[in-house]
Each structure stands twice: as C-alpha cells, then as structure tokens.
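Asker: Dumping the structure here so I can ask a few things about it.
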Amino acid sequence: MDGFMDTGFHDMMNLGSRLSSWFIIYDIIKLIIIVIVVIVLVKMFINNSKNNNSNRAIDILKERYASGEISEEEYNNKLKNLKS
C-alpha cells in the first residue's frame, strides 16, 4: 500500500495540476475568440448602419432631382460628395 501512495497518488495529483493549467489556457483562448467575434460584429453593425444612412441620403437626393428641386449640376456635385 505504501508503494501506491508514494507513486500513484502523487502522479494523479500531478496530472490534475497539469490539466488545470491547460483548462486555464483553453479558457483564455475562448475569451480571446469571444472578444474578437464581438469586435467583428460591432464593426459590421457600424459599417452597415453607415451604408444605410448613405444610401438613404442618395435616395433623397434622387427624389429631389426627380421632383425638380435641384438642377442636374447640383445633383451631380452632391452625389459626388456623398459617394466620396
């Protein structure tokens, strides 16, 4: 029985500490992946809302040109500004 306690038990305890360090590394990797995914999603949302605002402005400009509120020259200048 002493032989088991001297080698087997301590080896199992060593294995547990080695596994726990891998779990910590795994948790850190998961956290990094989650942060990256959140950042990508936020950037996609921000870019999408900017594109929607820009498209809405172009639609309004087209409506104003179609109704005769602005000239062709003014339309082209404003369209150029919106697209840049």
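The opening position of the sequence shown corresponds to residue 1 in UniProt numbering, with each subsequent residue numbered one higher.
From the three backbone atoms N, C-alpha and C, an ideal C-beta is built for every residue, glycine too.
Since we're looking at a predicted model, the values are computed, not measured.
#1: Mapping the DSSP letters down to three states, classify residue 71 as helix, strand or coil.
#2: Measure the Cβ-Cβ separation of residue 64 and residue 58 and say whether it is below 8 Å.
#3: Can you grab the Cα-Cα spacing for the pair residue 84 / residue 51, in whole Å?
#4: Is residue 82 closer than 8 Å to residue 54 when the C-beta atoms are compared?
Answerer: In short:
#1: Note: residue 71 maps to coil in three-state DSSP.
#2: 8 Å or more divides the Cβ of residue 64 from the Cβ of residue 58.
#3: The alpha-carbon atoms of residue 84 and residue 51 are separated by roughly 12 Å.
#4: Yes, the pair counts as a contact, with Cβ atoms nearer than the cut-off.
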